[in-house]
Amino acid sequence: MSSKRSSLRGRLPEIKTTDGEVIMDLSKLESSLEASVKNFISVIDEKTEDIKKATIAELIQTRASTLEHLPDDVRSAAIRVYVTALSNSEPPIDEESRDIQKKRFEMLASNIIAGFAKLTCC
Numbered sequence: 021m022s023s024k025r026s027s028l029r030g031r032l033p034e035i036k037t038t039d040g041e042v043i044m045d046l047s048k049l050e051s052s053l054e055a056s057v058k059n060f061i062s063v064i065d066e067k068t069e070d071i072k073k074a075t076i077a078e079l080i081q082t083r084a085s086t087l088e089h090l091p092d093d094v095r096s097a098a099i100r101v102y103v104t105a106l107s108n109s110e111p112p113i114d115e116e117s118r119d120i121q122k123k124r125f126e127m128l129a130s131n132i133i134a135g136f137a138k139l140t141c142c
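Numbers 21 to 142, taken from the numbering used here, label the letters of the sequence shown in order.
Next comes the structure, spelled out in structure tokens:
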């Protein structure tokens with residue numbers, strides 16, 4: 021290993037830093053990371069609130085826009101399947117149940133879209 025070091029000596033510029041500079045750089049990095057995480061959390065909180073406030077009709081409309089690439093008859097069939105599934109579900113009893121139900125509806129919608137897309141692709 022020392023032979024490698026000696027062969028590189030003179031070719032690479034030496035980087036001289038003090039402990040203070042390293043600490044300052046780490047502090048800047050930590051501040052930047054903290055700011056990024058706070059921003060990320062605020063975006064997630066905002067999106068979570070949007071989903072919590074969304075009605076079933078809004079969720080259906082959002083999902084309908086993801087079906088635009090499908091033929092009209094297939095799109096309407098997929099929407100009917102989704103609406104039927106939503107109408108057959110029991111209303112949530114509390115906030116936690118509501119969140120779980122919305123996640124399930126989102127997963128259901130994704131699966132329906134994927135299934136109908138797969139049926140029409142071949």
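Cβ coordinates follow ideal geometry from the N, Cα and C atoms, glycine included. A quick note: this is a predicted structure, and the numbers were derived from the prediction, not measured.
- Euclidean distance between Cα positions of Lys-48 and Asp-70: Distance between the alpha carbons of Lys-48 and Asp-70: 33 Å.
- So, using beta-carbon positions, are Leu-128 and Val-94 closer together than 9 Å? No, they are not a contact pair.
- For Thr-104, which of Leu-90, Glu-50, Asp-119 and Phe-125 has the nearest alpha-carbon? Nearest of Leu-90, Glu-50, Asp-119 and Phe-125 to Thr-104, Cα basis: Phe-125.
- Task: Could you say which of Lys-72, Val-57, Ile-64 and Gln-121 lies nearest to Ser-107 if we only look at CA atoms?
- Result: Nearest C-alpha to Ser-107 among Lys-72, Val-57, Ile-64 and Gln-121: Gln-121.
- Message: Please classify Leu-53 as buried or exposed, where buried requires at least 16 neighbouring CB atoms within 10 angstroms.
- Response: The residue in question, Leu-53, is exposed, as its Cβ has fewer than 16 Cβ neighbours within 10 Å.
- Item | Spatial distance of Pro-111 from Arg-100 (CA atoms) | Cα to Cα, the separation comes out at about 19 Å.
- Task: Would you kindly work out how many angstroms separate the C-alpha atoms of Ser-130 and Glu-50, rounded to a whole number?
- Result: The alpha-carbon atoms of Ser-130 and Glu-50 are separated by roughly 38 Å.
- Message: For Arg-118, tell me which candidate among Thr-75, Ala-134 and Val-57 has the shortest Cα-Cα distance.
- Response: The shortest Cα separation from Arg-118 among Thr-75, Ala-134 and Val-57 belongs to Thr-75.
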